Every structure is written in structure tokens, then in C-alpha cells.
Amino acid sequence: MGVVSLHPTETLFFPSAGICEMGYTKEEYKELEKLIYEMMDPMLTQDEKEDKYSYDIEDFLLRVVFHNLYNFGSMTTYCMQYINCTNGCLECPMKNYQKYADRVRASCKKLFTHCEWNGVEIDCCKYFKPVRTTLGTCYIVNSLQVIDKDSKDWLDMTVGMRQGNGNLNLTVTKSSSLYILNEEDIPHILLTTLNFPQIPEGYDGELLLSVQDVTNDPYLRNIDPAQRKCVFPDEPSKSAYRKYSYSTCVTECLKKAQIKICNCTHYNLIVDDNDKSPECDFYGLGCLDKNELLFPQTIIMQPWRADGLDCTCMPSCNEKQINVIGRSSKIRDSTSDRSVSIRLQTLSTQKYFRQAVREKIDVVGNIIDKKTSL
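To get our numbering, take the position in the sequence shown, counting from 1, and add 473.
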């Protein structure tokens, strides 16, 4: 891969951004309380329901809904005493955990309060689309996993000498984590380099980025991915996601490992209704927990580890190099919202160029020419 200079009038695209709601111990989850009360006998009085309310089940469901609240070995311990109990206790929910997540996690309209691109307010939920990830449903702007570039819901975030550097401002109501992404990528629990949590109320942060684009030789598509060491997003893959990326490949790899060992996968890894992967029930989650497959450590990605994931995931051929060159934050007492400003510090003057040395037909032709000359 080489480096070429950019023409002064050449334009680039601002990175995609994803917002994933995170669990927060100081947050009140009213919908979760309602769900637990709905699990009780409707004939009970309110006082009887309050006496029956189980904070152990609440803690269990919070860890099922929000991955960041989970800690190894704790997934099923909260609920074991509430399974097949004979003393009239409130029994632990044993399956269909996606419905609890759908109720408890904030919708797009409840999560976002304000979005701006280059000082102009935009409709957050028109452009930030839901995508299922290992962290649960995240909302991503300009994601090839849900929309195409020619869609009316694709936000024009072109940057350049004439357009300016680009500045994306976001304000949310809940504790969240921001992911800076390539347009084919998704947030992932194992990929944290460009992950920025905004947990406490009043958080106000700023990120300064640099982006180096990549251009591919058209002939590169004629070369086997194993030889060129990258995959184009639109090339066929066995993933349930629309487009290939390193992050979707790792997601599928983790899913396969879960199914291989526990015969089921966490509901977060079931991409959509067309994904027929077996979903883990209570005992399945216990198996994932026991085998460290719920929130594995990043070192599990190291290929030389005997207990690592057997992944052969290559980067996307379109993957830009995104770097954080500055970061600051403060806490504002005047609001409970969290806000972040993301902007390019400077426009890149160079880009990477991935070149095919020669086509196969050229190689064959050269060999024939050499034999003829001999």
C-alpha cells in the first residue's frame, strides 16, 4: 500500500458515528420496574406487589439488557433461588430476553435530544438508524449495514477545502458510549480503540480526529482476498449483516463460538428476524458466562492463543485510518444530558492507495513473452 497526495479540490467523507446506550447504576429504569410488576399475579394488591418485588431479578435483567453491567460469574447467580420456587416467590424470567431489552432500552426519540452537522440542526432519528450489535441496539449515522449511500436518509457529511473540516454535535439523555466508525463497521464489545463512554450526567466532551482515506486500484477485485489481505464490503460473505467489515466478521465469529460451545447465542448477536440462530435461554446464558463468552477479554482475539477465537477476519478494503489526536471533557451541573462534539482537526493532504501489482492475465502474458524470446 502506498501514499498519494490529495488534490486541493478533492473531498473526503466524515466518519460514521454510533451511539449505544449503557447501563448506569444511578439511573432509574421505570420500564423495568413495570415489567417486573407485570410478571406478578394481577389479582395482587399494590402493597402485596411491592412486598413481592425482587431486586435480585431486577439486577439480573439489568445485566441481561446492558452488557457493561455484567461481571464474570454473576449472570445466573441473581436468579437461581427464583427458579421453580415453592414459597410463592416471583419466578425469574427464563427466555425471550429481547423483549425486555426492547422495553427497557431508550428508543431513538427518547435517547437523542439534539443533533447538529456543521452548525445546522438535523433530525437525529432520520439519520441515526438502529443496528443490532454485541452491545445491544445502537444508533448509527451513515451505516452501510442499514442504508445505501444514495438513500435520502444518508447524511451528506462531505468535507474538503471548500466544504470545511466537519463538526458533528450530539446530545443524548442517557448514559451512552460513542463509537467512531468506518461506514461499513458496527460497534463491538471487543473493539474499543475508538469507543468513548459518556456515563455521568452533565458530561460535555470534545473529540478531535484525523482521517486518512484509502483508494483501491480497480484491478484489485480480480485478486483473491487472501492474497490482497482485505475484503470489499459488497463481496459475498457468510455474515447475517448486509456488508462485510472486520467488526461484523468478529461478531459472527463470536456467535459461532457461542453456538459451538453452548448450542445457542446471546440475543444481541441475532441480527434480525431473518437470522434463525438459536437464542440462549437462562441456562444458555449461564453456559456463556461459565465459558467466558458473554463479555470476553480482548486477548481472546489473539490468534496464537490456544483458548482464543478461531477467527480469520481480514480488514475491509475500504477501511480508513481514523485517529484521535485530541480529547477533552467536563461536567456541567446545569443539565442531566450528555453531549459530545466530534470534529476533524485538520484535513488530510494524503491518502493511502492500495495497488494491484499486475493482473493475472498480465502475469501469464509476461511468462509467455519470456518463453517466446528464449
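Don't be surprised by glycine CBs; every beta carbon is placed ideally from N, CA and C.
For clarity, every value in this text was computed on a predicted model and none was experimentally measured.
| Query | Result |
| --- | --- |
| Chain-order list of residues whose beta-carbon lies under 6 Å from that of THR549 (same chain, five-residue window excluded) | GLY759 |
| Residues bridged to LEU535 [DSSP beta-bridge criterion] | LEU535 is not bridged to any residue. |
| Beta-bridge pairing of LEU643 - partner residues as DSSP gives them | CYS588 and VAL813 |
| Stretch pair the stretch 580-597 + the stretch 747-765: three plus CB contacts closer than 8 Å | no |
| Per-residue burial, ASP842 [other beta carbons within 10 Å of its own, 16 or more giving buried] | The predicted model places ASP842 with a pLDDT of 40, which falls under 50 and marks its position as unreliable; any figure quoted below should be read in that light. Its Cβ having fewer than 16 others within 10 Å, ASP842 is exposed. |
| Residue environment, CYS726, which counts as buried when at least 16 other CB atoms sit within 10 Å | buried |
| Neighbourhood of CYS562 by C-beta distance below 6 Å, restricted to the same chain and skipping five residues each side | TYR555 |
| Check whether ILE734 and ASN764 have beta carbons under 7 Å apart | yes |
| Proximal residues to GLU792 (C-beta, below 6 Å), its chain only, five neighbours per side dropped | ASN655 |
| Nearest candidate by alpha-carbon position, reference THR644, set ILE530, VAL477 and CYS588 | CYS588 |
| Other residues of its chain near ARG701: CB distance less than 8 Å, five sequence neighbours each side excluded | LEU693, CYS790, ARG827 and ALA829 |
| Residues that DSSP places opposite GLU657 in a beta bridge | DSSP lists no partner for GLU657. |
| Secondary structure of ILE509, DSSP reduced to three states | helix |
| Three-state secondary structure (DSSP) of ILE743 | coil |
| Exposure of VAL499, with buried meaning 16 or more beta-carbon neighbours within 10 Å | First, the residue type needs correcting, since residue 499 is Lys and not Val in the sequence shown. By the 10 Å Cβ count, LYS499 comes out exposed. |
| Cβ-Cβ distance between ILE653 and LEU608 below 7 Å | no |
| Terminal residues of the alpha helix (DSSP H) in which THR724 lies | 719-735 |
| Sufficient close CB pairs (3 or more, under 8 Å) joining the stretch 623-636 to the stretch 485-500 | yes |
| Under 7 Å between C-beta atoms of GLN818 and LEU667 | no |
| Distance between ASP626 and ILE620 (C-alpha atoms, nearest Å) | 7 Å |
| CYS468 vs PRO603 beta-carbon contact at 7 Å | What is shown of the chain runs 474 to 847, which leaves residue 468 out entirely. |
| C-beta contact flag for PHE768 and TYR551 at 7 Å | no |
| Element boundaries [alpha helix (DSSP H), containing GLN519] | 519-525 |
| ASP707 versus THR606: straight-line alpha-carbon distance, rounded | 19 Å |
| Cβ-Cβ separation, LYS728 to LEU617 (assumed contact under 8 Å), whole Å | Not really, about 20 Å apart at Cβ, beyond 8 Å. |
| Contacting residues, own chain, Cβ-Cβ under 6 Å from ARG800 (five flanking each side not counted) | LEU680 |
| Length of the line joining the Cα atoms of GLU564 and ASP762 | 21 Å |
| Near the ligand SAM: GLN794 beta-carbon under 6 Å from a heavy atom | The model depicted lacks the ligand SAM and carries no ligand whatsoever. |
| Proximity winner among PHE533, THR721, GLU594 and ALA579, relative to TYR570 (alpha-carbon distances) | PHE533 |
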